[in-house]
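First residue of the sequence shown? That's 2 in our numbering, and the numbers climb one at a time after it.
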Amino acid sequence: MGSLVAPVVANIWMEWFEDRYVATIPLPIKLWKRYVDEVFCILEGGPDDVELYDMLHRLSLTKDAIIATIALIKADLALTYNDWVVIQSVLPVLKNVL
């Protein structure tokens, strides 16, 4: 994003996009996080869900600049999102450990 107003414009556009299209997602959304113009979303579903691929196709058709991708993960695998590594683990997570 080269211009100073680019993040603001991206934020406004993404809010419009979310208001218009997120409500049409047919699968339950477990997590939806956005940073400027990138979205990390966890949906309930699996690799055999036709609705999942249909939704990705519809989202990609909304504008030429949108590229919707999918990553199906199995236990103990990781995905990258911006500079983060997101890990799905079958082990329980400990919180507030001193």
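Quick reminder that beta carbons are idealized off the backbone N, C-alpha and C, glycines included. Just so you know, these numbers come straight off a predicted model, no measurement behind them.
**Study point:** Three-state class that DSSP yields for L78 in the structure shown
**Key:** coil
Point to revise | Alpha-carbon spacing of R59 relative to V6, whole angstroms | key: 28 Å
Check your understanding: For L28 versus E45, is the C-beta distance shorter than 8 Å?
Key -> yes
Point to revise | Range covered by the alpha helix (DSSP H) that runs through I26 | key: From DSSP, I26 is part of no alpha helix (DSSP H); its letter is neither H nor E.
Review point. Roughly how many angstroms separate the alpha carbons of T25 and T81, rounded to a whole number?
Key: 26 Å
Point to revise | Spatial distance of V9 from I43 (CA atoms) | key: 25 Å
Exercise for review: In the DSSP assignment, find the beta strand (DSSP E) that holds L5 and state where it starts and stops.
Suggested key: First-last for L5: undefined, no H or E at that position.
Practice item. Output yes or no for whether 8 Å exceeds the beta carbon distance between A72 and L57. Key: no
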